[in-house]
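Taking it in order: structure first as structure tokens, then the write-up.
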Amino acid sequence: YAYEETIAVASLVLGGVMQRHPRLDVCVSHGGGAIAFLKQRFESMATFLGTESTFAEDLKLLWFDSHLEEGPAHDLVVSTVGQDRMVFGTNFGGWDTPTVITDFDQSLTTNAIKLLRLPWNE
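This is the structure we're talking about:
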């Protein structure tokens, strides 16, 4: 699925969709596929195409779920898009679902509330 997620993000950003529709909320599963790994390449493409904003700026208009391997892959996604654009993700009942979720960051809840535009009393 990483291929399709990467293509979807590149199409939304390089196609100018996020600039034309800044209130559009899109959440990409599995941390956006390979987008964090390929960000610099897409940044160069955006410059070549003469887009209104940088690829990195528009990337931060999207949301990404946290369903990916812990460690370097997870860290790369968070450092690329920011913890403030991450929400909790899982393959409920999938083969790779952990039996116990031990590291649940409160920001994932806060971000989901923002993404879903839910009322919240702190």
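In the numbering used here, the protein residues as written are 1 to 122. In this text, a Cβ means the ideal position worked out from N, Cα and C, and glycines have one as well.
Annotation for Ala10: Phe42 place their beta carbon closer than 7 Å to its own, counting only its chain and skipping 5 residues before and after.
Within the segment 55 to 89, the complete alpha helix (DSSP H) runs of at least 4 residues fall at 55 to 59 and 72 to 81. Closest option to Glu5, judged by alpha-carbon separation, among Arg117, Cys27 and Arg20: Cys27. DSSP places Tyr3 inside the alpha helix (DSSP H), whose first and last residues are Ala2 to Leu14. Straight-line spacing of the CA atoms in Gly82 and Met18 works out to 17 Å. Rounded to the nearest whole angstrom, the CA to CA distance from Thr90 to Phe55 is 27 Å. A direct Cα-Cα distance of roughly 9 Å separates Ser53 from Val13. Between His30 and Tyr3, the gap from beta carbon to beta carbon reaches 8 Å or more.
Taking all protein chains shown into account, Arg20 has fewer than 16 neighbouring C-beta atoms within 10 Å of its C-beta and is therefore exposed.
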